[in-house]
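Remarks on the structure that follows.
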Amino acid sequence: MDVQDGTGDSAVAVDDVIAVALEEFAAYGYADTKLDTIASTSGMSKRMIHYHFGDKLGLYTRALSEAIRRLHVPKSELQLDTSVPVEGVRKLIDAMFDQFLTHPTCVRLLLKEGLDKVATGENQVSLSNDSETTLYLDRLLLLGQDSGAFRPGISAYDIYALISSLVFYRQIHQGLTHNLFDIDLASEEATRGLHRMIVDAVLAFLTANIPDSGQRAYLSSASDDDGADRVYED
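Residue numbers (the UniProt record's numbering): 1 to 234.
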């Protein structure tokens, strides 16, 4: 989508403005990011930015939604294999890890939002999240639980929390970990090791011999009976 504000600005794609905003918000946070800088870098005037996004919060919300979208696993990689759920989960972790590594700026923006709560605090706004990853993972978990490979009481959101927490640790603590333990989390060796750790942690979590709590998930207090009528179709 191209726009022209009629005041001499060259045509600038709205998506390009969102991309610039994503970089700026991820680097400086919401409070310290200036619309003047985004306008200057993107080539779109502030007037047109206000026209398309309403205000700074509107632009921030669009940038945050774009960060979430970029971290989604491509649909082409979500091919459900009903034969071996363990391998399906392993492949999904590989794909998720690749997305996080490919888009570090998006990870930084989500981390800043987690701390600053600009879009999810008092002025909470609805964020777009049309990812099929959680539904796909739910199907894998259901298949694994039905076959006896996975223990019950674990949801897709539990797995996502486990994976993202380790990925976010890598992003947050690179300097501190290098200082304290002389471990460079950004190195190829440590990155491969973290990937292995995530795979092992998730699979051990799914297959551990732990008594059934009667809960449908760790991050929900609902019992199995509350979700027993959920139906998943291939």
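Don't be surprised by glycine CBs; every beta carbon is placed ideally from N, CA and C.
Nearest-angstrom beta carbon gap, VAL14 and ILE38 [assumed within contact, 8 Å]: Not quite, the Cβ-Cβ distance comes to about 12 Å (not below 8 Å), so this is no contact.
Through-space distance from LEU109 to PHE25, alpha-carbon basis: About 7 Å.
Reduced DSSP secondary structure (H/G/I, E/B, other) of SER220: The answer is strand: DSSP assigns SER220 an E or B state.
First through last residue of the alpha helix (DSSP H) which encompasses ILE159: Looking at the DSSP string, the run of the alpha helix (DSSP H) that includes ILE159 is 156 to 172.
DSSP three-state assignment for ALA186, whether helix, strand or coil: DSSP places ALA186 in coil when its eight states are reduced to three.
Euclidean distance between Cα positions of LEU162 and ILE198: Between the alpha carbons of LEU162 and ILE198 lies a gap of roughly 8 Å.
Beta-carbon separation (whole angstroms), TYR136 vs LEU78, contact threshold 8 Å: 5 Å between Cβ atoms; contact.
Distance, ARG196 Cα to VAL202 Cα: Taking the straight line joining both Cα atoms gives about 10 Å.
Between the CA atoms of TYR157 and GLY88 - distance to the nearest angstrom: Cα to Cα, the separation comes out at about 16 Å.
Stretch pair the region 119 to 128 + the region 60 to 67: three plus CB contacts closer than 8 Å: Result yes; three or more Cβ-Cβ pairs closer than 8 Å.
Local conformation of GLN145 per DSSP, three classes: Helix at GLN145.
Where MET1 sits in the DSSP three-state scheme: Caution is warranted here: a pLDDT of 39 is assigned to MET1, below 50, making its placement in the model unreliable, and no coordinate value can be reported.
For THR37, the first and last residue of its enclosing alpha helix (DSSP H): Looking at the DSSP string, the run of the alpha helix (DSSP H) that includes THR37 is 35 to 42.
Sub-8 Å separation of ARG151 and ALA208 beta-carbons: Closer than 8 Å, so yes.
Reference MET96, options HIS173, SER165 and ALA186, closest by Cα: If we check each option's Cα against that of MET96, SER165 comes out closest.
Member of LEU219, THR191 and GLY214 whose CA lies at the smallest distance from the CA of ASP94: Across the set LEU219, THR191 and GLY214, the C-alpha of THR191 shows the shortest separation from the C-alpha of ASP94.
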